[in-house]
Structures are given as structure tokens and as C-alpha cells.
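Colleague:
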Amino acid sequence: MALEKLDPIVEIHPGINLASLPSEMVLQISSELDVTAGLNGQHPEFVRNLKLTHICSSWRKILYSSPLFWSHIDLGWPAEVVDHFLFNSKQCPLTLVSWDHEALGVLMRRTVRTASTKIDESRTRAAIDNLHRVQVLRFKPPFTRTGRRDGQSSNRLDIFNPSRTILSNPAPMLQELSLSNIHEEQTNENPFMGQLPQLRHLTLHRCPGLQPYAFHAPKLLSLKVQSAKGLSLSTIRLAVGAFPVLQSLTLEGYLQPFGGQQASLMESPVSAPRLQHLTIHPVGGTDRQISDWLQAMSLPEIRTVNLSYLSTTNNTCFHVFPKTADFIRLLASIIEVQLTFDNSSFHLGLLSNISRIGTSAVSELLQYNGLRDPPTASYHQALADSLASIPVALSPLAPLAFKIVIATPLPGPQFPVADTWGQLFALLTKVEELSVKSYLKVAITPIILALNSHTSCPALRSLEFTGIQVDAKSVLPMVRSRQSAGVGLKKLSFNDCQGLDARTLAGLAALIKPTDTADVPS
């Protein structure tokens, strides 16, 4: 049989007896080498699996007696390979993949190893016959260009339609489902969508007209809707209502803003009693529309919100959080605020401390990316405007103690001025830790000058600089000024910094005494 004529996958060292390895270790090695297919274009490599069985007779016996080893199957493989894996997987739960790669770019296609993108009837029949034991299904059918009666061409599925065939059968064990390029007419009124009692995770990618709430999945925990056209608030309301235990909702790459439906939504708020994680990445839309939508939602268990790529004016980009009890509770859990600058964007991240039955976990509450590709001439002013808006947006944080981290690789003249930083630091009255990081030896003199004032972070006790260019003429007066005003530092750290001389270090050491747990490394 052709499947048996394969060279070994590894070069065996003469001093190693692989046959003596315990069966548990053999299975662990095989699981580490296996590549599970996903939405990033990866396919499991059947050749790698088969070669593992030829290392020695001991390994062959172990692997052929382990159905789980054969449970990841790609319908793009040759038919005899699919049959071989199905036979040896016995009754083990399956991961079934059929993911077309024709639309991938040239570079991506070079990195993706797959036998075929065409699914014939025999492999489709094999999938149907085993759908009752499939736990994970990732399905993206191939598109072909065909002619229409009016002479125009359009993207249509092949005459033999594997998606309509496969998605017309029940999958009672299915726990994870990812669909791409599936049209509504391919799934209408079929037992597949109506019988998903164990489904936990659902991803819909470019599925025109296919509504999430059409899936009967009472145990669904995670829903992702990606690259959807015309995503409406009513659609989201119905989707959230259809899944009573939904914990994670991700809306990415939708083309239609949420606007235009706020009045009706306010009359009938969306209730998501179990939702903990919300991600919104629109192609178009404004922070006002998103904020109105969030305000109309009841999210008593919300823990993290991730917002990115919003089209917004700089002076309102941090007014996303509505002033509702759910979000005020979130802001009260902040332990760290991150401000990051690069050459095309300004990023705000809030980290919150979430208690979980006696344990504590840190997660990102808000991620916001603004200033996408602004005009070069106005970049400095745009940054200043954005920073100026932070105090208003983060005003609920004023009475809270947390750490602020500023990361900036920007060169000197584009860095916000001292007055801008001073306005921000004046708000942060309870902040005890401040960390400024850069790995390009950026001069951060405006931050040091802003900290001269006793009103800038008056509770600050720990100041850390990493990878920056230190202005010795400004840092020593800053520490001395805070000391004189009664808001002196207890700890000052310089890690991988430039610009410090022995005289400056000696002066800092004299101001921050060892009894104050000072740490002034060179």
C-alpha cells in the first residue's frame, strides 16, 4: 500500500533506543508534532503522522492502538488517506477540516501545506458518515467563477456543493464550529443547525445572510462574527438572546456601523446576563455609536472590553465607556493603565484585577487604538489632543490607586510636551507607581519636567525608567523638587538607560536614602 512506503521522519542517534520510550511519552511526542487545522490556513500534515509510525515497531504498535492519534482529518487529503485515518480513529471524537486556500495570497500559499482544495463526493460521503462523532468542524468551501444568464460572472459554489451536503446532517457531539463563505440558502431548514446540543464555540467568517441566532445551541459560550456585511443591532440582540449562557462575543471587520437604531434599542435594551468578554473591531463606525450601543446593554458580569480601529476624532476617542453601573464597576477594578505610542497609532490599555473564587487573574479590560495613519504634519498635535482628552475619560479612576505604564519608541520632537503630561498627571492623584519604557533610547524629558510639580501624581512613590535617554540636568531637580514639596520618591530605578553620570547618581542616592528602600542602579 502506498501509505506504508514512507521514509522515517527523524534521524535516530545511535545511542538512543526510541523503542524503549514509555507509551505515554510516545503519545505526548506525537501530540506535540501534530498540527491542528485552524482559521490561519494551517492544515494537519498527514505525512508527518504516518512517518511517526515507521520509527520502530514499538512506536507503530502504540500509535496504531491510539485512535486519538488519527482523529485530526483534513478532507483535502487524498481519499485513501482520509479512509486510512477514519478507519484507525475507530470511534474516537474527530476534528474535521475542509478549508479552501484559493483566496490566500501568494506568500501565505507558500507556507501552507495542503494536498487539495477540491472535495469530491467520496470524501464528502465519508464526512457525512462520521459527522455523528465530530467534535470540531472547520469548513470553508471553494468558490468558482461561473457565468450568469445576463452574461455577467459571479462567485458561486461548485455544482457539487459539499457544504450543502455536509451541513444537512445532524452533529450531536459538535463542540466547536467554524464556517466561512457559507450562504444562508445552503443551511436553511436543515437538521444540522437545529440540533447542536453540545456546541460551545461558533465562528462565522464571511457568511452572507447567515444569522447566528439560526443555530440552536443552548450551551454556546463563545460567538465570533467576522467580516460580516450589514451587521445590525437587531441581529446582535437576537444573537445574544438566543444563547442564554454566552460568555464571549466578538464582532470583527463588519462594514456597517451600528448607528441609526439607537432609539428603538433604548426602548428594548439587550440583556446578556452571562457575557464576560466583549470585542468590537469595526471597519467603520464612531465611538459615539459604540458608546450608545454599550449603554443600551445590560452586562452585569462583564469583565473585559476590547475596542480597536474606531474611526473617531481625537478629542473624543476615550469617551467610549458609557456612564453605566456595569462599566463603572469595571473601572473600579483597574490595576494598571498602559499608554503606548508608535509611528502610526496611540494605544490605551487598561488592566483589571479579576477575583475568581479565592484566586486573582489579570486581564485586559480595554484596548483602544487611535490615530491610525494621521498626516505627518499634525501628528504631534494629534497626540497632544488625545492625551488632553484622557483626564476626562479616565476621571472615574482619579480616586483609585493603580500603576501607569508609558511605552514610547517615538523620537524626540513628536513626543507630547510637558504641559500635556502635566494635565494627565494632575488627574492621577492616587497613582503610586509609574513606569516609562522605551527600547530605542528615546529622551523623555517632557515627562520628567511634568513630574516637577507637586500636583503631578502626588501619591507617587515608585518611578522606573527602562531603555531611555536620561537628561541628567532635569532628573535631579525633579527628584529634589518632589522631596522639598513633601511628595518625595521612595524608589527610583534606571534599567538599561543612557545619560547618567556618576555625579548625578550620587546626588540621587543622597536624596533617596536606603532607609526609604531606594534603588538607583547604574
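Converting from the sequence shown to this note's numbering requires adding 20 to each position, the first position being numbered 1. Note that CB positions come from ideal geometry on N, CA and C, so glycine has one too. These figures come from a predicted structure and were not determined experimentally.
1) Find the nearest neighbour of residue 98 within the set 85, 144, 114 and 86, judged by alpha-carbon distance.
2) Excluding sequence positions up to five away, which residues of its chain have a Cβ less than 6 Å from the Cβ of residue 426?
3) Round the Cβ separation of residue 480 and residue 454 to the nearest angstrom and send it over; I've been treating them as touching at under 8 Å.
4) On the criterion of 16 or more Cβ atoms from any shown chain inside 10 Å, does residue 485 qualify as buried, or is it exposed?
5) Quick one: give me the first and last residue of the beta strand (DSSP E) that residue 423 is part of.
6) Can you give me the C-alpha to C-alpha distance between residue 346 and residue 241, rounded to a whole angstrom?
7) Could you tell me if residue 521 is buried or exposed, where buried requires 16 or more neighbouring beta carbons within 10 angstroms of its beta carbon?
8) Between residue 232 and residue 224, how many whole angstroms is the CB-CB distance? I'm expecting something under 8 Å.
9) Does DSSP put residue 48 in a helix, a strand or coil?
10) If you reduce the DSSP assignment to three classes, tell me which class residue 463 lands in.
11) Which term fits residue 96, buried or exposed, when burial requires 16 or more other beta carbons within 10 angstroms of its beta carbon?
12) Could you please give the first and the last residue of the uninterrupted beta strand (DSSP E) stretch that includes residue 94?
13) Taking all protein chains shown into account, do 16 or more other C-beta atoms lie within 10 angstroms of the C-beta of residue 45, making it buried, or fewer, making it exposed?
14) Just verifying my parser: in three-state terms, what is the DSSP assignment at residue 432?
15) What residue does the beta strand (DSSP E) around residue 489 start on, and which one ends it?
16) Strictly by DSSP, which residues pair up with residue 518?
17) Give the straight-line distance between the Cα atoms of residue 228 and residue 245, rounded to the nearest whole angstrom.
18) Quick one: using the 10 Å Cβ neighbour count with 16 as the cut-off for buried, is residue 614 buried or exposed?
19) If you compare alpha carbons, which of 78, 76, 104 and 75 is closest to residue 87?
20) State the CB to CB distance for the pair residue 93 and residue 114, rounded to an integer number of angstroms; the pair is presumed to be in contact (CB under 8 Å).
21) To the nearest whole angstrom, what separates the beta carbons of residue 297 and residue 323, a pair I think is in contact under 8 Å?
22) DSSP three-state call for residue 20: helix, strand or coil?
23) Is it true that the CB of residue 499 sits closer than 8 Å to the CB of residue 514?
24) Excluding the 5 residues preceding and the 5 following residue 226 in the sequence, name in chain order all residues of the same chain whose CB lies nearer than 8 Å to its CB.
25) Tell me the DSSP secondary structure of residue 18 in three-state form.
26) Are the Cβ atoms of residue 315 and residue 344 separated by less than 8 Å?
27) Under a CB-based cut-off of 8 Å, is residue 230 close to chain D?
28) How would you call residue 348, buried or exposed, if buried means at least 16 neighbouring beta carbons within 10 angstroms?
29) Using the DSSP secondary-structure output, state which residues sit across from residue 246 in a beta bridge.
30) Determine the closest residue to residue 185 out of 213, 482, 193 and 195, with distance taken between C-alpha atoms.
31) Out of 350, 256 and 90, which one is the CA nearest neighbour of residue 111?
Modeller: The structure says:
1) Residue 98 has its Cα closest to that of 144, out of 85, 144, 114 and 86.
2) If we look at residue 426 and ignore the five residues flanking it on each side, its Cβ neighbours are 359 and 456.
3) A Cβ-Cβ distance of about 6 Å is found for the pair residue 480 and residue 454, placing them in contact under the 8 Å criterion.
4) With 16 or more other Cβ atoms within 10 Å, it is buried.
5) It spans 423 to 427 - the beta strand (DSSP E) in which residue 423 sits, taken as one unbroken run.
6) Residue 241 has its alpha-carbon roughly 20 Å from the corresponding atom of residue 346.
7) Under this definition residue 521 is an exposed residue.
8) Residue 232 to residue 224, Cβ: 6 Å. Contact.
9) If DSSP states are grouped into helix, strand and coil, residue 48 belongs with the helices.
10) Residue 463 falls in the strand class under three-state DSSP.
11) Around the C-beta of residue 96, 16 or more other C-beta atoms lie within 10 Å, and the residue is accordingly described as buried.
12) Looking at the DSSP string, the run of the beta strand (DSSP E) that includes residue 94 is 92 to 94.
13) Its Cβ having fewer than 16 others within 10 Å, residue 45 is exposed.
14) In this predicted model, residue 432 has a pLDDT of only 47, less than 50, meaning its place in the structure is not dependable; the value taken from the coordinates is given anyway. The answer is helix: DSSP assigns residue 432 an H, G or I state.
15) Segment 482 to 489, the beta strand (DSSP E) holding residue 489.
16) 489, per the DSSP bridge assignment.
17) Roughly 11 Å separates the two Cα atoms.
18) In the structure as shown, the chain starts at 21 and stops at 542, and residue 614 therefore has no counterpart that could be examined.
19) For residue 87, the closest of 78, 76, 104 and 75 by C-alpha to C-alpha distance is 104.
20) The pair is a contact, with the Cβ atoms about 6 Å apart (cut-off 8 Å).
21) That pair is a contact at about 6 Å.
22) For residue 20 there is no data in the structure shown, the boundaries of the chain being 21 and 542.
23) Cβ distance not < 8 Å, so residue 514 and residue 499 don't count as in contact.
24) If we look at residue 226 and ignore the five residues flanking it on each side, its Cβ neighbours are 200, 201, 246, 247 and 248.
25) Any answer about residue 18 is impossible in this case: the structure gives the chain only from 21 up to 542.
26) Yes.
27) The structure shown contains no chain D; it holds only a single protein chain.
28) Residue 348 should be labelled exposed.
29) Per DSSP, 225 and 272.
30) Selected option, being the one with the closest Cα: 213.
31) Nearest C-alpha to residue 111: 90.
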